[in-house]
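> Numbering that gives the first Met the number 0 puts the first residue of the sequence shown at 0, with every later residue one more than the last. The structure follows.
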Amino acid sequence: MPVSYPMITTYTQHAHLLSILTHYECAHPWIFSNYIQLYINKDYKHHWGDFYFPVTYELRPSDACKWITTQKLHRDTVTTKWDSVIHFIVENINANNYVHTMINYFYVPLSDRYNKLQLHHDIFVYGYDLNREILYVSDFFKNGVYSQAEISFSDFQLAFDTNHLTTNHDYLREMVYLYTFNDQYQDNFSADTLVNSIRNYFTKKTPEYWEMFNYGGDRHNLDFGMQIYTTLLNYAKETSEQKAMLDIRPFHLLYDHKRLMTLRLKYLYDNRHLIKLNQEHIDEFTAIELKAKILVNVAMKYNFTRDTSISENFQTLITNIENEESIFLERWLKNVGIQ
């Protein structure tokens, strides 16, 4: 089944989906129109942040994407109706369905957790080779890097069958997801809507219907849009004071966001969706993206050394990126954006 390396790799719910969508150029406008808003819990130490989608927690971005047809089966249905998960996967791959499921990584040789921790994680299956008895799969197998790899039928079967031994939360709620690319969908791209979403990100606006999708929610505990920099800076300061280790993911999320913004600007420019957009705008934001990438590297360096001076440089870099992005977006929305 066709896949490409995804545009976003912070979390699997995006990386798996975008492994499919990135491959199809016709789906790129949907990616650029939807991966704009960010949110983060002010108490990041005990919670998290992510790209915002107007769906409840129980639903995933794939449920909001019309380029994808999603089916969900309970694990018990798979084990009852098929004599092995391998036969289930082969049958569905033959029917043009990608497979997304939880397995026990204690039994996955590809993983850092192999023979160490009874923890499950979600894995994406996009192909097989009957002669070699392997599946083609994607996930964060080692060192937090999203990658494509191979796993034997026997290892995958064991990891699937022992999923009940794991102790961490099953965020797929015991469901197996099947994804089919919907090549009949016709996307109605709107530059106006895209620019307005960027404006909402810039002005730190709480997304419409947020409370409805989040059961009333805890708005006072969340930052939206560019306000996330405040939480990131506070988290960096607190971590440094405690000589603790940084969670790299929120800073990689920031980098993913900037990288996608650069790709978004290139798309808008190449397709002449915004007449006043020029190469200088792209170059200027590419420089911001590069600083966000450096930020991730500095975070990893701090984790290795726990050096206070590195943390101070890290905090300064967060502030610099925020200032540069704010200046860019204010000018860009005024000069290029649709009023």
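Even glycine gets a Cβ: it sits at the ideal position worked out from N, Cα and C. Every value quoted in this text rests on a predicted model; they were computed, and no experiment measured them.
Could you give the uninterrupted runs of the alpha helix (DSSP H) lying entirely in the stretch 238-282, keeping only those of 4 residues or more?
Runs of the alpha helix (DSSP H) inside the stretch 238-282: 248-269.
> Please work out which residues of its chain come closer than 7 Å, Cβ to Cβ, to ASP246, disregarding the five sequence neighbours upstream and downstream, and give them in chain order.
Residue numbering aside, residue 246 sits at position 247 when the sequence shown is read from its first letter. Closer than 7 Å at the Cβ level, and outside the excluded window around ASP246, lies no residue.
> So, for GLU329: in the same chain, excluding its five sequence neighbours on each side, which residues have a beta-carbon less than 6 Å away from its beta-carbon?
On the sequence shown, position 330 is the one that residue 329 refers to. Closer than 6 Å at Cβ, skipping near neighbours: no residue.
> Within 10 angstroms of the Cβ of LYS141, are there 16 or more other Cβ atoms? Answer buried if so, exposed if not.
Start at 1 with the first residue of the sequence shown, and residue 141 comes out as number 142. When all chains shown are included, LYS141 counts as exposed.
> Which whole runs of the alpha helix (DSSP H) in the stretch 135-181 are 4 residues long or more, in chain order?
Here the runs fully enclosed are 152-160.
> With distance defined between alpha-carbon atoms, name the residue in HIS13, TYR43, ALA286 nearest to HIS99.
Sequence index remark: in the sequence shown, residue 99 carries index 100 (1-based). The option with the nearest alpha carbon to HIS99 is HIS13.
> Is the stretch 220-234 close to the stretch 36-51, with three or more CB pairs under 8 Å?
These segments touch.
> Between which two residues does the beta strand (DSSP E) harbouring LEU72 extend?
Stepping through the sequence shown from its first residue, residue 72 is reached at position 73. First-last of the beta strand (DSSP E) with LEU72: 67-73.
> Going along the chain, which residues of its own chain have a beta-carbon closer than 8 Å to the beta-carbon of ILE92, five neighbours each way excluded?
On the sequence shown, position 93 is the one that residue 92 refers to. MET0, VAL98, VAL124, TYR125, GLY126, TYR127, listed in sequence order.
> Tell me the DSSP secondary structure of PHE327 in three-state form.
As a first step, residue 327 is located in the sequence shown; it is residue number 328 there, counting from the start. DSSP places PHE327 in helix when its eight states are reduced to three.
> So who's on the other strand from MET101, going by DSSP bridges?
Locating residue 101 in the sequence shown gives position 102, where the first residue counts as 1. ASP121, per the DSSP bridge assignment.
> Alpha carbon to alpha carbon, what distance is there between LEU17 and ASN33?
Here the question's residue 33 lines up with position 34 in the sequence shown. Here the question's residue 17 lines up with position 18 in the sequence shown. Distance between the alpha carbons of ASN33 and LEU17 is about 12 Å.
> Considering Cα atoms alone, identify which of LEU129, PRO108, ILE102, ASN130 is closest to LEU118.
Here residue 118 refers to the residue found at position 119 of the sequence shown. Here the closest residue by C-alpha is ILE102.
> Name the two residues that bound the continuous beta strand (DSSP E) containing LEU221.
Working through the sequence shown from its first residue, we reach residue 221 at position 222. Element bounds for LEU221: 221-223.
> Consult DSSP for ILE133 and reduce its assignment to one of helix, strand or coil.
In the sequence shown, counting from the first residue as 1, residue 133 sits at position 134. Residue state, collapsed to three classes: strand.
> How many Å lie between GLN241 and ARG305 at the Cα?
Walking along the sequence shown from the start, residue 241 turns up at place 242. Walking along the sequence shown from the start, residue 305 turns up at place 306. Spanning the two alpha carbons is a distance of roughly 10 Å.
> According to the neighbour-count rule (16 or more other Cβ atoms, all chains shown, within 10 Å of its Cβ), is PHE180 buried or exposed?
The residue labelled residue 180 in the question sits at position 181 within the sequence shown. Flag for PHE180 reads buried.
> Does TYR214 come out as helix, strand or coil in the three-state DSSP assignment?
On the sequence shown, residue 214 is found 215 positions in, with the first residue counted as 1. With a pLDDT of 45 at TYR214, under the threshold of 50, the modelled position of that residue is not reliable, and the figure given next carries that caveat. If DSSP states are grouped into helix, strand and coil, TYR214 belongs with coil.
> Give every residue of the same chain whose Cβ lies closer than 7 Å to the Cβ of SER83, excluding the five residues on either side of it in the sequence, and list them in chain order.
Walking along the sequence shown from the start, residue 83 turns up at place 84. So the qualifying residues of the chain are GLN156.
> Classify ILE287 as helix, strand or coil using the three-state DSSP reduction.
As a first step, residue 287 is located in the sequence shown; it is residue number 288 there, counting from the start. Reduced to three states, the DSSP call for ILE287 is helix.
> Per the DSSP calculation, LEU37 is bridged to which residue(s)?
By one-based count along the sequence shown, residue 37 stands at place 38. Per DSSP, PHE50.
> In three-state DSSP terms, what is ASP128?
The residue labelled residue 128 in the question sits at position 129 within the sequence shown. Here ASP128 sits in strand by DSSP.
> Tell me the rounded alpha-carbon separation between THR21 and CYS64.
Reading the sequence shown from its first residue, position 22 is the one you call residue 21. Reading the sequence shown from its first residue, position 65 is the one you call residue 64. Spanning the two alpha carbons is a distance of roughly 13 Å.
> For the putative contact between THR261 and GLU288, defined by C-beta atoms under 8 Å, what is the C-beta separation to the nearest angstrom?
By 1-based counting over the sequence shown, the position of residue 261 is 262. By 1-based counting over the sequence shown, the position of residue 288 is 289. Sure, about 5 Å apart at Cβ, within 8 Å.
> Measuring alpha carbon to alpha carbon, tell me which residue in LYS333, ASN296, LEU332 is nearest ILE317.
For this step, residue 317 is matched to residue 318 along the sequence shown. Cα-wise, what sits closest to ILE317 is ASN296.
> Tell me whether the stretch 108-122 and the stretch 161-181 touch, counting them as touching only if at least three CB pairs, one residue from each stretch, are closer than 8 Å.
Flag = yes, the stretch 108-122 and the stretch 161-181 touch.
> Let me know the secondary structure DSSP gives ILE92 once reduced to three states.
Position 93 of the sequence shown holds residue 92. Helix.
> Taking TYR176 as the reference, which of PRO60, VAL54, THR307 has the closest Cα?
In the sequence shown, counting from the first residue as 1, residue 176 sits at position 177. Per the Cα distances, PRO60.
> Indicate the three-state DSSP secondary structure (helix, strand or coil) for ASP42 in the structure shown.
Here residue 42 refers to the residue found at position 43 of the sequence shown. If DSSP states are grouped into helix, strand and coil, ASP42 belongs with coil.
> Less than 6 Å between C-beta atoms, sequence neighbours within five positions excluded: which residues of the same chain meet that for LYS203?
On the sequence shown, position 204 is the one that residue 203 refers to. Answer for LYS203: PHE223, GLY224, MET225, GLN226, listed in chain order.
> Between the stretch 180-196 and the stretch 129-144, are three or more C-beta pairs nearer than 8 Å?
In short, these stretches do not touch, since the Cβ pair count stays below three.
> With DSSP run on the structure shown, which of helix, strand or coil describes PHE188?
Position 189 of the sequence shown, counted from the first residue, corresponds to residue 188. Coil.
> Would GLU173 pass as a contact of HIS73 if the rule is Cβ separation under 8 Å?
The sequence position of residue 173 within the sequence shown is 174, counting from 1. The sequence position of residue 73 within the sequence shown is 74, counting from 1. Taking 8 Å as the Cβ cut-off, GLU173 and HIS73 qualify as a contacting pair.
> Would TRP81 and TRP29 qualify as a contact pair, given that the criterion is a beta-carbon distance under 8 Å?
Stepping through the sequence shown from its first residue, residue 81 is reached at position 82. Stepping through the sequence shown from its first residue, residue 29 is reached at position 30. No, Cβ-Cβ distance for TRP81 and TRP29 is not below 8 Å.
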